[in-house]
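The structure under discussion appears below in the form of structure tokens.
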């Protein structure tokens, strides 16, 4: 049950703000029959919002705490952001390609900020599913704002996106920023174990920090697959 996942997360030392976020998404989650799905590549929506959104931002409740400095682990592969993008080093946290990868990557990012480690598989899956349903709830609430960007019938899209194996894309990334009240940055891999940033979502609404330290980061590998990223120190 999602409530149990929140209790387990709190017990692991996620902190009160992260526990509040967990309760929020668990409350928002619901079980519905699903049928259709659509996949969107990240980029276009972020550029549209960057040109049309106001420059002011809201502070929000800060559900996702600023991450603590961490050393790069020897058990994960490290990649470096391109030198022109400040050259930070990130750990890539593997995520299964089961349709939950975007939502699981965000759940992993939140867990690593709070406890410093990943949740067990069951808790991680429950949190990913709760994030999915909360994101679709947010999409439905903001229909007038985002319907233009959804391919095909909006209602059918939302029903399909609630399926556990439906791949999340750009609309869901943006909605997740509202759920966790934190900007999300998307990267793509480049040759030579480097990363290129292709978009920051939610920076206008949630007062993005200049160094990007407060963002949740994910890497998009193409074909709808995402993995979690966390900044680390390799020195």
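In the UniProt record's numbering, the protein residues as written are 1 to 235. A virtual CB, placed ideally from N, CA and C, is assigned to each residue, including glycine. Source: prediction; values computed, not measured.
- By the C-beta criterion, the region 113–122 is judged not to be in contact with the region 131–140, since fewer than 3 inter-stretch pairs fall below 8 angstroms.
- Under the DSSP assignment, residue 171 falls in the alpha helix (DSSP H) whose first and last residues are 170–180.
- The region 157–174 makes contact with the region 94–111; the number of CB pairs closer than 8 angstroms reaches 3 or more.
- With a contact defined as Cβ atoms closer than 8 angstroms, residue 167 and residue 224 qualify at about 4 angstroms.
- Annotation: the continuous alpha helix (DSSP H) that includes residue 108 extends over 101–114.
- Its Cα nearest to that of residue 160, the residue 99 stands out among 89, 99 and 214.
- Scanning 178, 188 and 202 for the CA closest to the CA of residue 227 turns up 188.
- Across the structure, residue 193 and residue 123 are spaced so that their CA atoms are roughly 31 angstroms apart.
- Here residue 179 has 25, 131, 134, 135 and 138 as same chain residues with Cβ atoms under 7 angstroms from its own Cβ, once five neighbours each way along the sequence are excluded.
- Inter-residue distance for residue 232 and residue 202 is about 23 angstroms (C-alpha atoms, whole angstroms).
- The beta carbon of residue 164 sits closer than 7 angstroms to those of 99, 100 and 129, all from its chain and outside the five residues before and after it, given in chain order.
- Apart from the 5 residues on each side of it in sequence, residue 119 sits with its Cβ closer than 6 angstroms to the Cβ of 111 in its chain, given in chain order.
- If you check the CB distance, residue 154 and residue 162 do not come in under 8 angstroms.
- Beyond the five residues adjoining it in sequence on each side, residue 97 comes within less than 6 angstroms, by CB distance, of 225 in the same chain, given in chain order.
- Assigned with DSSP and collapsed to three states, residue 160 falls in helix.
- Per the C-alpha coordinates, the member of 126, 185 and 158 positioned closest to residue 214 is 185.
- Under the three-state reduction of DSSP output, residue 137 falls in the helix class.
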